[in-house]
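Here the structure is laid out as structure tokens; the discussion comes afterwards.
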Amino acid sequence: MLKSIPTPNPRWPEHLCTYDQQTQILFTDKLFGAHICGEDVFDDHWEQIKEDQRYYYNCLMASQAKHVESALEKISDFQVRMYAVGHGPIVRSSLIELTKAYSDWSRSQRNREISVALLYASAYGNTATLARAIALGLTKGGVEVQSINCEFATPEEIQAAVEKSDGFIIGSPTIGGHAPTPIHTALGIVLKVGDNNKVAGVFGSYGWSGEAVEMIEGKLRDAGYRLGFETLKVKFKPDDVTLKFCEELGTDFAQNLKKAKKIRVPQQAATPVEQAVGRIVGSVCVITAKQGDVSTGMLGAWVSQATFNPPGLTVAIAKERAIESLMYPGGKFALNILAEGNHQEYMKHFRKNFAPGEDRFAQFTTTAAENGCTVLTDALAYVECSVEQRLECGDHWVVYATVDNGKLIKPDAVTAINIMSG
């Protein structure tokens, strides 16, 4: 027996999942897919396609995260053995991991500090295509996107999105020299809300002259709104170059909003973790790791900050180093950032060969971080990290880790910088 589960969203208002009660297979259509085509029927090698699944989510789902969360809640009532997706291999091995990832990605998208309402209607699909490309750029720019197809949204939904947003973008086709009724409704709501401190944008497709786009731009300018980009008019179906331009347009719009908000909001004092991470600038570091009763350390020179949100860093570790076996995803380590003056002593010590099982820290005063790893009390600062990913690169592993905790111990000390001789 088949059961239909409506899971509508702005892009696919009639989207639904279908559950086969006998086989416990959920036919998900657009959800949980990946734009890959290979010989594998199932995702038995799912670790190799994780990035493809994430890219698929960013392209198609991120701009409607609220609707994805609603769909996840609906399907959680069913006992599911596998997802029969519309694109890519059938999800069987990674069922739990991918479901959790969709939940985490959607929550992260909706918790972003800055929000953009993307309002549009489409006659032949061309304006919707432009909207999707702009939405992808906005997502990559680090803002929450509320993508609203005005043909299917209520006035209350449109008003709530506009009021919540830090900026908005309106897209419209031109039909008979005019904008369609849903766009007139949305524009009326925007003008009614009347907050012209918000940055706006206008785009649309047309076949003859594109009056609708010009009308929307004129109304917004008359109301005192500032446009975040030059109004975009695209004739007929957009090509790949145009879509790439739209993506970049969205990213620029997002970045400008973030910069404007930083100017408006007084900057708070840096947290202890931010102060500690701020000292990772080509610095001389000692990396310490612990797993059970095993504790080790090494001198780390190839360390750099990799991400701001969440705070993260990369470390390059030679394959023959003892610490390498402790630096797998899920592992914990501490990064001790050294100060000028006594760093040469640490460099000399950690460059020597240690006997198997030898205590690397016997001659130093240490304490334990919250994650159990060794902290050198004479360090300038330290950060506690969790390994997320690692990539094999020639004779080294490049490890990416997120920062969980940290402290600047000596605020007035100068960071010891590693100088590579040529």
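Mapping of the sequence shown onto our numbering: position 64 corresponds to residue 62, and the numbering continues sequentially without gaps. Ideal Cβ positions, reconstructed from N, Cα and C, are used throughout, including at glycine.
| Asked | Found |
| --- | --- |
| In chain order, each beta strand (DSSP E) run of at least 3 residues that lies wholly inside the region 106 to 191 | 113 to 118, 142 to 147 and 165 to 169 |
| Alpha-carbon spacing of Ser203 relative to Thr125, whole angstroms | 5 Å |
| Touching by the beta-carbon criterion (3+ pairs, under 8 Å), the region 111 to 118 and the region 217 to 229 | no |
| Simplified DSSP assignment, three categories, for Val279 | strand |
| Given Phe233 as reference, the closest of Ala274, Pro171, Gly248 and Lys288 once Cα atoms are compared | Residue 233 is actually Lys in this sequence, not Phe. Looking at the Cα atoms, Pro171 is the closest of the given residues. |
| Bridge partners - Lys233, DSSP secondary structure assignment | Tyr204 |
| The region 371 to 389 in contact with the region 318 to 338 per 3-pair CB rule at 8 Å | yes |
| beta-carbon Glu142 near the ligand FMN non-hydrogen atom, thresh 7 Å | This structure simply doesn't include the ligand FMN, nor any ligand for that matter. |
| Contact under 8 Å by Cβ, Arg9 with Gln62 | yes |
| Residue burial classification, Glu245 (beta-carbon count within 10 angstroms, cutoff 16) | buried |
| Cβ neighbour criterion (16 or more within 10 Å) applied to Cys15 | buried |
| Under 8 Å between C-beta atoms of Ala366 and Ser384 | no |
| Beta-ladder partner(s) of Thr365, from DSSP | Val373 |
| Inter-stretch contact (C-beta, 8 Å, three-pair minimum) for the region 269 to 281 and the region 146 to 160 | no |
| Among Pro4, Leu96 and Val282, the one whose alpha carbon lies nearest that of Glu343 | Val282 |
| CA-to-CA distance, Gly248 to Asp238, given in whole angstroms | 15 Å |
| DSSP beta-bridge partners of Pro4 | Leu14 |
| Alpha helix (DSSP H) segment containing Gly216, residue limits | Glu209 to Asp220 |
| Validate contact between the region 364 to 382 and the region 331 to 341 using beta carbons, cut 8 Å, 3 pairs | yes |
| Length of the line joining the Cα atoms of Thr413 and Phe362 | 19 Å |
| Per-residue DSSP class, three states only, for Arg90 | coil |
| His341 (DSSP reduced to helix, strand or coil) | helix |
| Three-state class that DSSP yields for Asp41 in the structure shown | coil |
| Helix, strand or coil at Ile261 according to DSSP, with G and I counted as helix | Low per-residue confidence applies at Ile261: pLDDT is 48, beneath 50, and the placement is therefore not dependable, though the value from the model is reported in the following sentence. Ile261 falls in the helix class under three-state DSSP. |
| Touching by the beta-carbon criterion (3+ pairs, under 8 Å), the region 120 to 135 and the region 85 to 100 | no |
| Other residues of its chain near Gly139: CB distance less than 6 Å, five sequence neighbours each side excluded | Thr249, Ala252 and Gln253 |
| Option nearest Asp41 by Cα separation, candidates Ser91, Arg110 and Tyr53 | Ser91 |
| Cβ-based neighbour list, Gln107, same chain, cut-off 8 Å, excluding 5 preceding and 5 following | Ala60, Ala63, Thr137, Glu142 and Val143 |
| Same chain only: Cβ atoms within 7 Å of Ala316, ignoring 5 sequence neighbours per side | Asp393 and His394 |
| Cβ shell of Ser163 (< 8 Å), same chain only, five flanking positions each side left out | Ser113, Val114, Ala115, Gln144 and Lys196 |
| Of the residues Gly199, Glu154, Asn194 and Gly175, the one placed nearest Thr183, counting alpha carbons only | Glu154 |
| Among Thr5, Gln20 and Ile88, the one whose alpha carbon lies nearest that of Met(-1) | Gln20 |
| When Leu134, Pro180, Ser104 and Gly86 are compared against Tyr118, the one with the closest alpha-carbon | Pro180 |
| Member of Arg358, Tyr380 and Val401 whose CA lies at the smallest distance from the CA of Pro409 | Tyr380 |
| Ala316 - partner residues in DSSP beta bridges | His394 |
| Coil, strand or helix - Arg9 by DSSP | coil |
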